[in-house]
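Following full-length UniProt numbering, the residues of the sequence shown are numbered contiguously, the last one being 508.
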Amino acid sequence: MEFPEDFNQLELLDTHGPQIPRGSSSLWTGSDDDDEEEDEERAERPEEWYLQKECSLKDKPQEQLLWAAENNRVQEKRRNRTYRRDIGCSRISYGPEEDECAKPDNGGCEQRCVNTLGSFKCACDPGFELAPDKKSCEAACGGLLSKLNGTISTPGWPKEYPPNKNCVWQVVAPTQYRISMQFEAFELEGNEVCKYDYVEVRSGLSSDSKLHGKYCGTEVPEVITSQYNNMRIEFKSDNTVSKKGFKAHFFSDKDECSKDNGGCQHECINTLGSYMCQCRHGFVLHENKHDCKEAECEHQIHSPSGTLSSPNWPDKYPSRKECTWDISATPGHRVKISFSEFEIEQHQECAYDHLEAFDGDGDTATILGRLCGSKTPEPLISTGNKMYLRFISDASVQRKGFQATHSTECGGRLRADVRQKNLYSHSQFGDNNYPGHTDCEWLLTAEEGYGIELIFITFEVEEERTAAMTTSNSTTAWTTVRLGWDASVAQDPERESTLRRHHADPFP
1 MEFPEDFNQL
11 ELLDTHGPQI
21 PRGSSSLWTG
31 SDDDDEEEDE
41 ERAERPEEWY
51 LQKECSLKDK
61 PQEQLLWAAE
71 NNRVQEKRRN
81 RTYRRDIGCS
91 RISYGPEEDE
101 CAKPDNGGCE
111 QRCVNTLGSF
121 KCACDPGFEL
131 APDKKSCEAA
141 CGGLLSKLNG
151 TISTPGWPKE
161 YPPNKNCVWQ
171 VVAPTQYRIS
181 MQFEAFELEG
191 NEVCKYDYVE
201 VRSGLSSDSK
211 LHGKYCGTEV
221 PEVITSQYNN
231 MRIEFKSDNT
241 VSKKGFKAHF
251 FSDKDECSKD
261 NGGCQHECIN
271 TLGSYMCQCR
281 HGFVLHENKH
291 DCKEAECEHQ
301 IHSPSGTLSS
311 PNWPDKYPSR
321 KECTWDISAT
331 PGHRVKISFS
341 EFEIEQHQEC
351 AYDHLEAFDG
361 DGDTATILGR
371 LCGSKTPEPL
381 ISTGNKMYLR
391 FISDASVQRK
401 GFQATHSTEC
411 GGRLRADVRQ
421 KNLYSHSQFG
431 DNNYPGHTDC
441 EWLLTAEEGY
451 GIELIFITFE
461 VEEERTAAMT
471 TSNSTTAWTT
481 VRLGWDASVA
491 QDPERESTLR
501 RHHADPFP
């Protein structure tokens, strides 16, 4: 330690010595030739001594300076190492340094006690952190994790987590890796709202990164995979109810799709430890598992709704291509085709590239239209529960093609014969209730000389309004049955009716 030139002008004071004069310019502690006897006396003391000077700067907050003195040596402990002059000091004292950690109660610390100059502080073992009282220890949580795999859990797991905790784990993997989080056990306070205790999982390291989910309650979340090579997990608990918490495993996996799309021609799907290629609609995966080739362009559709498009959509359709769609709806319902985009080579008679629609289950049925050009057509609706579409392209011009949705319309024309046929109130019968604001008409016909028998196997509609049934006979020997009901209130969907033709005496 270096001393200023005026060092010998000052004397070392003990607690029983005179007070330092007011307005003194500066103070250094040390010894001169006259203090040798006193210094020798201090050197015989085994403990470490300290001196404390409390000074105040004019118009500035109080500054505390500490010195440690042992065996006639003085060491300055000062927050600002720059020597300050013109400091007025009100008190200076020195005394033995007490080791609070040597007391039987370990300084009041639960785990570790660290002695400091003039004081002490508590510390915790690895894996623990100081509680708000600065003396007891609790399980630590959060931190930066750079391992490829590991486990995280709420503080105190498997015991209940403490209140008022905020833990943030930041998991970082190498470039081109993705991180997956799988929860083994999960029990937090709350329900779907997650206002109190919860855990958030994000792609990225900041608190405003992409949120995958905010979870609470007892339902174990699905496996979560990050979009990037890092993930943020944040757990918060309030000051009320505590639960068991959660235990989760994280593992990193190289994302082969991040480089050159994994070599896939269309889509690359990353999986744990590997990846797979996937083709767009209308194509199938090649034997080499990377390229895509055109699929057989014959489609059988039985779902009540969905989408369909020309081959290679949204790119141009290939040349010399023929594709068909055989669409079937629920018995008693019609097929509806609605176009969202349409661009096929233009011709006045659509003699080249075109789309044909037939009112039945093949190209021998009545044609509903032949379509081409760039004008979006009006919706196509069949009279029965079947429609057949056929797309043809020639060897010359190719365009973008078309995209359309298929759905069902209730009602229509039904032909009765000797076989039993079914008629359903709505297209999703057995799965969902019939929709509101529905008004459906069915026209049932039979050959001349035959009547029609309608048998309801199951029937349930809103009780306040009953279904009305009317029948009318005509000299052409066919019967029309019209069913209609108000459906503003839906009931259980498990209702079905059966239509059957039977032989009857000729009408007079």
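Each residue gets a CB set at the ideal place from its N, CA and C atoms; glycine is no exception. Remember, predicted model here, so these are calculated numbers, not experimental data.
CA-to-CA distance, residue j to residue i, given in whole angstroms
i: Lys214; j: Arg112; result: 37 Å
i: Val220; j: Asn239; result: 23 Å
i: Cys141; j: Leu188; result: 16 Å
i: Lys247; j: Gly217; result: 14 Å
i: Asp237; j: Glu463; result: According to the sequence as given, residue 237 is Ser; it is not Asp. Answer to the nearest angstrom: the Cα atoms are 51 Å apart.
i: His249; j: Gly156; result: 17 Å
i: Tyr161; j: Ala131; result: 13 Å
i: Leu285; j: Gln278; result: 7 Å
i: Ile233; j: Ala185; result: 16 Å
i: Leu423; j: Leu454; result: 10 Å
i: Gly362; j: Thr175; result: 55 Å
i: Gly369; j: Thr383; result: 14 Å
i: Gln265; j: Glu200; result: 36 Å
i: Lys121; j: Leu144; result: 26 Å
i: Gly449; j: Val418; result: 13 Å
i: Cys292; j: Phe283; result: 6 Å
i: Leu313; j: Gly436; result: The amino acid at residue 313 is misidentified as Leu; the sequence shows Trp. Trp313 and Gly436: Cα-Cα distance of roughly 35 Å.
i: Ser146; j: Lys244; result: 26 Å
i: Lys103; j: Asn166; result: 34 Å
i: Gly150; j: Pro304; result: 46 Å
i: Lys195; j: Ser374; result: 53 Å
Proximal residues to residue i (C-beta, below 6 Å), its chain only, five neighbours per side dropped
i: His426; result: Tyr434
i: Leu148; result: Ser252
i: Cys410; result: His333, Cys440
i: Ser153; result: Lys247
i: Asn164; result: Asn239
i: Asp99; result: Asn115
i: Val168; result: Gly142, Glu234
i: Ser207; result: none
i: residue 509; result: With the chain covering only 1 through 508, there is no way to say anything about residue 509.
Sequence-distant residues of the same chain with beta carbon closer than 8 Å to residue i, five excluded per side
i: Asn230; result: Gln170, Val171, Val172, Ala173, Ile179, Ser203, Gly204, Leu205
i: Phe128; result: Gln111, Cys137, Glu138, Ala139, Ala140
i: Asp315; result: Lys400
i: Val223; result: Ser180, Met181, Gln182
i: Ser319; result: Ser393, Asp394, Ala395, Ser396, Gln398
i: Lys210; result: Arg202, Ser203, Gly204, Gln227
i: Lys159; result: Lys244
Bridge partners - residue i, DSSP secondary structure assignment
i: Lys210; result: Ser203
i: Gln170; result: Leu144, Arg232
i: Asp434; result: The identity of residue 434 in the sequence shown is Tyr, whereas the question assumes Asp. Answer by DSSP bridge pairing: none, since Tyr434 is not bridged.
i: His406; result: Gly306, Ile337
i: Leu130; result: Cys137
i: Glu322; result: Ile392
i: Ile381; result: Lys336
i: Lys386; result: Ser328
i: Glu356; result: Arg370, Arg390
i: Leu443; result: Arg413
i: Arg178; result: Asp253
i: Gly401; result: Glu343
i: Lys244; result: Lys244 is not bridged to any residue.
i: His299; result: Trp325
i: Gly150; result: Phe250
i: Phe186; result: Phe246
i: Leu285; result: Cys292
Residue burial classification, residue i (beta-carbon count within 10 angstroms, cutoff 16)
i: Asp105; result: exposed
i: His354; result: buried
i: His212; result: buried
i: Ala357; result: buried
i: Phe456; result: exposed
i: Val114; result: exposed
i: Leu308; result: buried
i: Pro311; result: buried
i: Ile367; result: exposed
i: Asp197; result: buried
i: Lys321; result: buried
i: Asp359; result: buried
i: Ser242; result: buried
i: Gly107; result: buried
i: Val193; result: exposed
i: Gly412; result: buried
7 Å Cβ shell around residue i - same chain, five flanking residues per side excluded
i: Tyr275; result: Glu256, Cys257, Gly262, Cys268, Ile269
i: His347; result: Cys372
Check whether the stretch 333-347 and the stretch 397-411 touch, using three or more Cβ-Cβ pairs below 8 Å as the test. yes
With three or more C-beta pairs closer than 8 Å as the rule, is the stretch 320-339 touching the stretch 295-303? yes
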